[in-house]
Each structure stands twice: as structure tokens, then as C-alpha cells.
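Peer 1: Taking my numbering, the leading residue of the sequence shown gets 4, the next gets one more, and so forth. Pasting a structure here, questions to come.
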Amino acid sequence: MSDILLIEGFYDGSHRSLIDLLHRVLSPRSMLITLPGNKWPWRARCSSLILSDLIPNNENSFKYLFSSSIVNLSELISLRVDLLTAKKIIYFHENDLAYPKQ
4 MSDILLIEGF
14 YDGSHRSLID
24 LLHRVLSPRS
34 MLITLPGNKW
44 PWRARCSSLI
54 LSDLIPNNEN
64 SFKYLFSSSI
74 VNLSELISLR
84 VDLLTAKKII
94 YFHENDLAYP
104 KQ
């Protein structure tokens, strides 16, 4: 039974490397749900809506939800209230704190 849900809205490059590593380390406790790594602005805007349909019903089996910041987690939870009780972990990948604009 999977109790860790790993979601990635942009499954390519370094995003893919990180989530694949986590999935390998956490298997068989983890379930991986991804979207293709193209058109990242659209993924950032629409991934919550698309992922909400791809994620199976929780029924209290997921205790943890791991996501990169490309997924709007508040939108996802509002669409999937069954994920509300899962503890959330958000990974801020390539943000302006690490890569400030010149």
C-alpha cells in the first residue's frame, strides 16, 4: 500500500531526476503521478486541474504528499479535499532565492 504520493507537474530534466530518485528510495511506499515536461508556464497554471483527475481517490491511504512548487498545491487541495489530511511537502525548485534575476 502506498502512503506517500509524489506528484510532479513538469516531469523533465532535473525535476524528473529528483522525483525519480525519491520514488526509488521510497518504493514501494510511494506512488508517482506526473505530467509531461513541456510548456512549463502552462504546467504551472493548469497542473492542479489535470493532476486532480489523475490521482486516485485517497480514502485516507496517503499520509504524505510531496510536490514541487510548479504545482499549485492550494488549488489541488481545493479540487481534491480527500487529500486534505495528508501532510504536505513542497519543494521549491529553481526559485529566485537560489537563482536571483540579474
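Think of the CB as a built atom: it goes at the ideal place given N, C-alpha and C, for glycine as much as any other residue.
Quick one: grab the DSSP three-state call for isoleucine 80.
Peer 2: DSSP places isoleucine 80 in helix when its eight states are reduced to three.
Peer 1: Should glutamate 11 go down as buried or exposed, given a rule of 16 or more other Cβ atoms within 10 Å for buried?
Peer 2: Buried: at least 16 other Cβ atoms inside 10 Å.
Peer 1: Per DSSP, what are the beta-bridge partners of leucine 68 in this structure?
Peer 2: Leucine 68 pairs with Leu8, Lys91.
Peer 1: Which two residues bound the contiguous alpha helix (DSSP H) that contains proline 44?
Peer 2: Here the alpha helix (DSSP H) through proline 44 covers 43-57.
Peer 1: Take the Cβ of valine 28 as the centre, count every other Cβ of all protein chains shown within 10 Å, and call the residue buried at 16 or more, exposed below.
Peer 2: So valine 28 counts as exposed.
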